[in-house]
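A short write-up of the structure that comes next.
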Amino acid sequence: MKSTNSNKLLKIFLYITLFTILAPMAILILWIFVGRWPWPNLLPATYSLRAIKEIFAPYSNVFSILFSSILLSLSVAILSAIIATITARALVLYDFIGKTVIEFLTIAPILVPGAVFAMGIHIVFIKLSLADTVLGVIIIHLIYTLPYTINIMKDLTESVGKQMEVQAYVLGASPLKSFIYITFPLLTPGIMASISMAYITSFSQYFITLLIGGGTVKSFNVLMVPFIAKGDRSLSSAYALVFIISTLLVFLIIDKIIKKLPYQDNKEEI
Amino acid sequence: MNKRKLSSFLAIIMVLFLIAGCSGNKEHPNIVKDSDSNVTPKTEVFDPNMSFDKILEEAKGDTVSFYGWGGDEDRNKWLSQTVAPILKERYDITLEVVGMDIDNILAKLAGEKQAGLEEGSIDMIWINGENFYSAKENDLLFGPFAEQLPNFEKYIDTEDEEVKNDFGFTIDGYEAPYGKAQMVFINDSATTSETPKNAEEFMEYCKKYEGKVTYPALPDFTGSAFVRTLIYDVVGHEQFLNMEADKEIVKAAIEPALEYLKELNKYLWNQGKTFPATSGEVNNMFEDGELVMTMSYGPYSVATGIEKGIYNETVRTFLFDKGTVGNTNYMAIAKNSPNKAAAMVAINEIISAEIQATQFEELRSLPVVSYDKLTDAEKESFDKINIGKGVLPQDELLSKRLPEMPANIVPIIEEIWLEEIIGK
Amino acid sequence: MNKKTPYILIMPIVLLGVLFIFGVINGIVQSFGYIPAFDLTDITLDYYIEILNSPTFLDSLKTSLQISIISSILAVILGTILTAALVYTGHTEGKILQIIKLAIIIPHTIVALFLISILSQNGLIARLFYKLGWISSQGDFPLLLYTKNNFGIILGYIWKEIPFVAYFSLALMSSINKTLGEASENLGASKLKSFFYITLPLSMPAIGKAFLIILTFSFGAYDLPFLLGATMPKALPVQAHIEYIHPDLRHRPYAMAMNGLILIITWTMAGMYYLITTKKNKR
Numbered sequence: 001m002k003s004t005n006s007n008k009l010l011k012i013f014l015y016i017t018l019f020t021i022l023a024p025m026a027i028l029i030l031w032i033f034v035g036r037w038p039w040p041n042l043l044p045a046t047y048s049l050r051a052i053k054e055i056f057a058p059y060s061n062v063f064s065i066l067f068s069s070i071l072l073s074l075s076v077a078i079l080s081a082i083i084a085t086i087t088a089r090a091l092v093l094y095d096f097i098g099k100t101v102i103e104f105l106t107i108a109p110i111l112v113p114g115a116v117f118a119m120g121i122h123i124v125f126i127k128l129s130l131a132d133t134v135l136g137v138i139i140i141h142l143i144y145t146l147p148y149t150i151n152i153m154k155d156l157t158e159s160v161g162k163q164m165e166v167q168a169y170v171l172g173a174s175p176l177k178s179f180i181y182i183t184f185p186l187l188t189p190g191i192m193a194s195i196s197m198a199y200i201t202s203f204s205q206y207f208i209t210l211l212i213g214g215g216t217v218k219s220f221n222v223l224m225v226p227f228i229a230k231g232d233r234s235l236s237s238a239y240a241l242v243f244i245i246s247t248l249l250v251f252l253i254i255d256k257i258i259k260k261l262p263y264q265d266n267k268e269e270i
Numbered sequence: 001m002n003k004r005k006l007s008s009f010l011a012i013i014m015v016l017f018l019i020a021g022c023s024g025n026k027e028h029p030n031i032v033k034d035s036d037s038n039v040t041p042k043t044e045v046f047d048p049n050m051s052f053d054k055i056l057e058e059a060k061g062d063t064v065s066f067y068g069w070g071g072d073e074d075r076n077k078w079l080s081q082t083v084a085p086i087l088k089e090r091y092d093i094t095l096e097v098v099g100m101d102i103d104n105i106l107a108k109l110a111g112e113k114q115a116g117l118e119e120g121s122i123d124m125i126w127i128n129g130e131n132f133y134s135a136k137e138n139d140l141l142f143g144p145f146a147e148q149l150p151n152f153e154k155y156i157d158t159e160d161e162e163v164k165n166d167f168g169f170t171i172d173g174y175e176a177p178y179g180k181a182q183m184v185f186i187n188d189s190a191t192t193s194e195t196p197k198n199a200e201e202f203m204e205y206c207k208k209y210e211g212k213v214t215y216p217a218l219p220d221f222t223g224s225a226f227v228r229t230l231i232y233d234v235v236g237h238e239q240f241l242n243m244e245a246d247k248e249i250v251k252a253a254i255e256p257a258l259e260y261l262k263e264l265n266k267y268l269w270n271q272g273k274t275f276p277a278t279s280g281e282v283n284n285m286f287e288d289g290e291l292v293m294t295m296s297y298g299p300y301s302v303a304t305g306i307e308k309g310i311y312n313e314t315v316r317t318f319l320f321d322k323g324t325v326g327n328t329n330y331m332a333i334a335k336n337s338p339n340k341a342a343a344m345v346a347i348n349e350i351i352s353a354e355i356q357a358t359q360f361e362e363l364r365s366l367p368v369v370s371y372d373k374l375t376d377a378e379k380e381s382f383d384k385i386n387i388g389k390g391v392l393p394q395d396e397l398l399s400k401r402l403p404e405m406p407a408n409i410v411p412i413i414e415e416i417w418l419e420e421i422i423g424k
Numbered sequence: 001m002n003k004k005t006p007y008i009l010i011m012p013i014v015l016l017g018v019l020f021i022f023g024v025i026n027g028i029v030q031s032f033g034y035i036p037a038f039d040l041t042d043i044t045l046d047y048y049i050e051i052l053n054s055p056t057f058l059d060s061l062k063t064s065l066q067i068s069i070i071s072s073i074l075a076v077i078l079g080t081i082l083t084a085a086l087v088y089t090g091h092t093e094g095k096i097l098q099i100i101k102l103a104i105i106i107p108h109t110i111v112a113l114f115l116i117s118i119l120s121q122n123g124l125i126a127r128l129f130y131k132l133g134w135i136s137s138q139g140d141f142p143l144l145l146y147t148k149n150n151f152g153i154i155l156g157y158i159w160k161e162i163p164f165v166a167y168f169s170l171a172l173m174s175s176i177n178k179t180l181g182e183a184s185e186n187l188g189a190s191k192l193k194s195f196f197y198i199t200l201p202l203s204m205p206a207i208g209k210a211f212l213i214i215l216t217f218s219f220g221a222y223d224l225p226f227l228l229g230a231t232m233p234k235a236l237p238v239q240a241h242i243e244y245i246h247p248d249l250r251h252r253p254y255a256m257a258m259n260g261l262i263l264i265i266t267w268t269m270a271g272m273y274y275l276i277t278t279k280k281n282k283r
């Protein structure tokens, strides 16, 4: 690709954005070690390991809760990506009764204030024996993540779907085979994006996890939010960093796994 | 076309079946929970009036969940490292602490009540006045149980106003005291030498350090208590104890205080046009030197702040001469608690002199036990505790302690504050 | 066989959708004063009427609309530029994308912490100004947060949402660019032209959806306006939260009615969005 002026501008814009994202991160990391940082110091006056000690203290249970929380959100993310892929397929490639209703459903959860849905579904879930269970929390998180994942998958299926149809006809392959060998590799960027998006959405849920999961289902965010709400900056920063690093690690691992998939070699050719 | 309709109809039927299949589980009483929770429902059979030995027997092996605000790392540590091992060792009870705001706890209980869930997931609740009143009113709490606890009679001053009433409403044995809180003011002797003794001096103080004092916007818990303390100092506190919860009446009663607060605004941070949303933010601004004063509901928070290195050694606590509002926080049991016996045993233990002394030592929370009822050895265990720097002795705090107004007046004052004070 | 396929494919979403609708209905009845747990059983519109008549409602509504519309429009424009930047500089995966994801990961409450430590009158910029001798105390630094123009909140949302828009539409735009955009370039169209006439219009479904998501989110979310907003007027979700934590449980229908109003407004926004997009498609 030749480097044009507009490309240069885009590059500058990209780097400014990256700087605005990374600069506050430096402050976050610094805050973990701050004892006091009074006006008008540009750097902290005293440093302390209080937050680090607190995070690693056995009674804080930070890492066991983090681990189970990651597992929970990963399950949600993978399920969400699967459901999104097949729902998007149905919506894009087929005509069926109630299509508009389903299309509306795919965006609706974003349009309802959390409190209304949470209070309502809590009562439904108690009646279904789903309250205070991991399954219940997974279902709820699925409902919240699907609008993102379905929409990502739908757009992508639309853009690659027609090619896929053509190829399938030409090759005379069964729909399933053509999906696995032709469409799926084309969809992987979208599936990746879906998993990431769903993971973040699930991992960040607070109120609904608390209400539906009760004390039985522990999530990292439920543990972290009270400290942030209290305004303890060192502890908040330490928790937030664990939150961020763990999420990035999960993404990295997903990335590695997807790259190992056999048909990834095809990607460049297509 | 017909086939289409048929298949969509079939799809709907399938969905309904699946839902019905799920709701069929309702018959099972054991909502998936920790494996050690008992399957046989105890809800109907539990009688708090049976002998405490029997309660101990029934509590054995149970897991009791204690729901309360989770943002206090010291309290979390104390509960899991001091209280839980004692309960396990002495009574074979496993204490599980769950961090949850009281609003959400009550939302959860309300949902469970509405769905008719006989056995919920919450056993003990950390609660106080404003919420206790409504929770009890709406039948979310179990009781009476407090007077049935051996340690209640043994250690608690049953004639104490704060043991009988919580924010102006009778307790009737539906909660047991947990710890005492009191509004205190905090500043740094290195930056400001004065410690205002009343509302008037406080006004002078704000004038002198213009723009460097503020308080959390109501209905923040601390901000609200701070405003009530100022109101008490301006118009006295007795009249509120029996006041009807009527906006006009309350407004008329606090009129001079409203004038005072409006006048005060001129000298506050950003002229009182806006207030920080949380007490945490006000504390942060004080720590950073943006404010010269802060306030806390924890009377010994300066000591822990100095120990943690958040505050300078010169930070100190002060009160108004007429006193500041203080209240007790309590432990209650959920009406649909599956482990009421274990909850009673745990609460009984927490109000003992031994645990209260550890709470005093580790959390600097004012103890709820009555000093007069203690044995010499127990008195000694409290006396020897070093409460730390920058704080006031317990007797001074207690002698300058004013009762909370009735729970239903508090939101009225918060409403009036929002309408009349900000930016005025 | 083929006819049944879509119905099998939509089974999970239908199931979850039914649960969702059940939940919403159960929740919304509370706003009409039906909460049997608190002995509230009369269905009434009183709560809505009272809120609509309250003097602060209109101000709150204005505040919320201002926050969400300004922040979303800015975020979607800058976000689209960022998507284009990622696509045309070939950074659709790898480290740079990880940094973009960072902003999506960070909770809103932490964003508030960033903004306070950088932009408040006590923040790093104010301290820098003091060191440079431009101001002599904190009070001299302009109040950027907690103001009625909601500058801090809008900035916070933009910070979070530009990366979101980029991430949400990246997959589509890069796939379009790879197939059609580059093809049109090969056929001789200039890069700028192929972007504005081919890639951007075809990416609009994702960008538009992202806009709708951030618009409704910033209208209904509570964290940033609570932590960075002026005490008065409050954004609607903050007001709703205050009603929710009201100690009197029988006050809860007010909170739910407030949320009901938020719901109605978000659905109006969504309705308008669909009207506009379908009209475009027809043309």
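Residue numbers (full-length UniProt numbering), protein chains in the order written: chain U, 1 to 270; chain S, 1 to 424; chain F, 1 to 283. In this text, a Cβ means the ideal position worked out from N, Cα and C, and glycines have one as well. Predicted model, so just to flag it, every value in this text is computed and none were measured.
So which residues of chain U does TRP69/S contact, with C-beta pairs closer than 8 Å?
PRO226
Considering only residues of the same chain and omitting the five flanking positions on each side of GLY114/U, which have a CB-CB separation below 7 Å?
PHE207, ILE208
Near GLY220/F, what residues of its chain come up, given a Cβ to Cβ distance below 7 Å and the 5 sequence neighbours on each side ignored?
PRO237, ILE262, THR266
Rounded straight-line distance, which links the Cα of LEU268/S to that of GLU210/S:
6 Å
Going by C-alpha distance, which of TYR47/U, VAL62/U, GLY98/U is nearest LYS218/U?
VAL62/U
Taking a Cβ distance cut-off of 7 Å, strictly less, list which residues of the segment 39-56 of chain U are near chain S, in chain order.
TRP39, THR46, SER48, ARG50, GLU54
Give a yes or no on whether the minimum CB-CB distance between VAL98/S and chain U is below 8 Å.
yes
Hey, quick one: how far does the alpha helix (DSSP H) through VAL242/U stretch, first residue to last?
233-260
For the segment 71-92 of chain U, enumerate the residues whose C-beta is nearer than 9 Å to any C-beta of chain S, in chain order.
none
Exposed unless 16 or more other CB atoms sit within 10 angstroms - verdict on GLN114/S
buried
If we cut at 8 Å on Cβ distances, does ILE148/F have a partner in chain U?
Before going on, a small fix: residue 148/F reads as Lys here, not Ile. Chain U, which has no Cβ nearer than 8 Å to the Cβ of LYS148/F, makes this no.
By a C-beta neighbour count over all protein chains shown, 10 Å radius and 16 as the cutoff for buried, is VAL170/U buried or exposed?
exposed
Going residue by residue through the segment 270-318 of chain S, where are the continuous alpha helix (DSSP H) segments of at least 4 residues, counting only ones entirely within it?
279-287, 301-307
Indicate the three-state DSSP secondary structure (helix, strand or coil) for ALA407/S in the structure shown.
coil
Could you work out which residues of chain F lie near SER6/U, taking near to mean beta carbons separated by less than 7 Å?
LYS191, LEU192
So what does DSSP say about TYR178/S, is it helix, strand or coil?
strand
So, are the CB atoms of THR83/F and SER169/F less than 8 Å apart?
yes
Can you give the Cα-Cα distance for ILE16/U and ILE244/U, rounded to whole angstroms?
21 Å
Secondary structure of SER65/S, DSSP reduced to three states:
strand
Please classify GLU244/S as buried or exposed, where buried requires at least 16 other C-beta atoms within 10 Å of its C-beta.
exposed
Can you pull out the residues from the segment 55-86 of chain F whose beta carbon lies closer than 9 Å to at least one beta carbon of chain U?
LEU78, ILE81, LEU82, ALA84, ALA85, LEU86
Check the Cβ-Cβ distances between PHE226/F and every residue of chain S, and say whether any is below 8 Å.
yes
Looking at C-beta atoms only, is the number of pairs between the segment 209-223 of chain F and the segment 268-282 of chain F that lie closer than 8 Å three or more?
yes
Quick check: is the beta carbon of HIS246/F nearer than 8 Å to any beta carbon in chain S?
yes
In chain S, what lies closer than 8 Å to PHE38/F by C-beta?
ALA110, ASN138
Give me, in chain order, the residues of the same chain whose beta-carbon lies closer than 8 Å to that of ARG90/S; leave out the 5 immediate sequence neighbours on both sides.
GLU349
Who are the near neighbours of ASN249/F in its chain, counting only those whose CB is closer than 7 Å to its CB and skipping five residues on each side?
Note on residue identity: the sequence assigns Leu, not Asn, to residue 249/F. Once the five neighbours on either side are set aside, the close Cβ partners of LEU249/F are PHE38.
Tell me whether VAL213/S sits in a helix, a strand or coil according to DSSP, three-state version.
coil
State the beta-bridge partners of ASN327/S as determined by DSSP.
ALA181/S
Report yes or no: is there a C-beta of chain S within less than 8 Å of the C-beta of LYS99/U?
no
Local conformation of ASP101/S per DSSP, three classes:
coil
What residue from TYR244/F, PHE141/F, SER117/F has the CA that sits closest to LEU43/U's CA?
SER117/F
For the beta strand (DSSP E) that GLY35/U lies in, which residues bound it at each end?
34-36
Considering only the alpha carbon of each residue, which of PHE227/U, PRO24/U, THR133/U, ILE191/U lies closest to GLY215/U?
THR133/U
Measure the C-alpha to C-alpha separation of PRO226/U and THR109/F and round it to an integer number of angstroms.
11 Å
Candidates GLU57/S, GLU58/S, PRO406/S, of which the one nearest HIS237/S by Cα:
PRO406/S
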